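*Asks:* Following this message is one structure expressed as structure tokens.
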Amino acid sequence: MRVFKSEALTDKQIMNYAQQLAGDVPLKETRTPGVYMAELSDGTKVTLRSVSSSDQVTKARWTIDIDKNPSLREVTNKKVELKFR
Numbered sequence: 858m859r860v861f862k863s864e865a866l867t868d869k870q871i872m873n874y875a876q877q878l879a880g881d882v883p884l885k886e887t888r889t890p891g892v893y894m895a896e897l898s899d900g901t902k903v904t905l906r907s908v909s910s911s912d913q914v915t916k917a918r919w920t921i922d923i924d925k926n927p928s929l930r931e932v933t934n935k936k937v938e939l940k941f942r
């Protein structure tokens, strides 16, 4: 998990970054308010969420989860989390 000092970034900029990671697949809001997800053709799941169990500790406004990415699996089998304050 990496927490970025990103107070200067707007919510829209963070959302745009998550969309860049998802490429051509649009992030769609899930049933849970504040959670957006895109499932890519290679099996990667990109999730942008404003909810987190660790938000009191990390002070993160947004978290981007990247899960099941074939390229990242060469480095780690775990979900990659990018947290933005």
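Read in order, the letters of the sequence shown are residues 858 to 942 in the working numbering.
All C-beta atoms in this analysis are idealised placements derived from N, C-alpha and C, irrespective of residue type, glycine included.
In this text the structure is predicted, and so the values were computed from the model without any measurement.
#1: Who pairs with V903 in a beta bridge, going by DSSP?
#2: Check L866 in the structure and name its three-state DSSP category.
#3: In the DSSP output, what is E931 paired with across the bridge?
#4: On the DSSP letters alone, give me the boundaries of the beta strand (DSSP E) that V937 sits inside.
#5: Could you check if T867 is buried or exposed, using at least 16 other CB atoms within 10 Å of its CB as the buried criterion?
*Replies:* Based on what the coordinates show:
#1: If you number the sequence shown from 1, residue 903 lands on position 46. Answer is A895 and I923, bridged to V903.
#2: As a first step, residue 866 must be located in the sequence shown, where it is residue number 9. The answer is coil: DSSP assigns L866 none of H, G, I, E or B.
#3: If you number the sequence shown from 1, residue 931 lands on position 74. According to DSSP, E931 bridges with nothing at all.
#4: Along the sequence shown, one-based indexing puts residue 937 at 80. Taken as a continuous stretch (DSSP letters only), the beta strand (DSSP E) holding V937 covers V937 to F941.
#5: In the sequence shown, residue 867 corresponds to position 10, counting from 1. T867 is exposed by the Cβ-count criterion.
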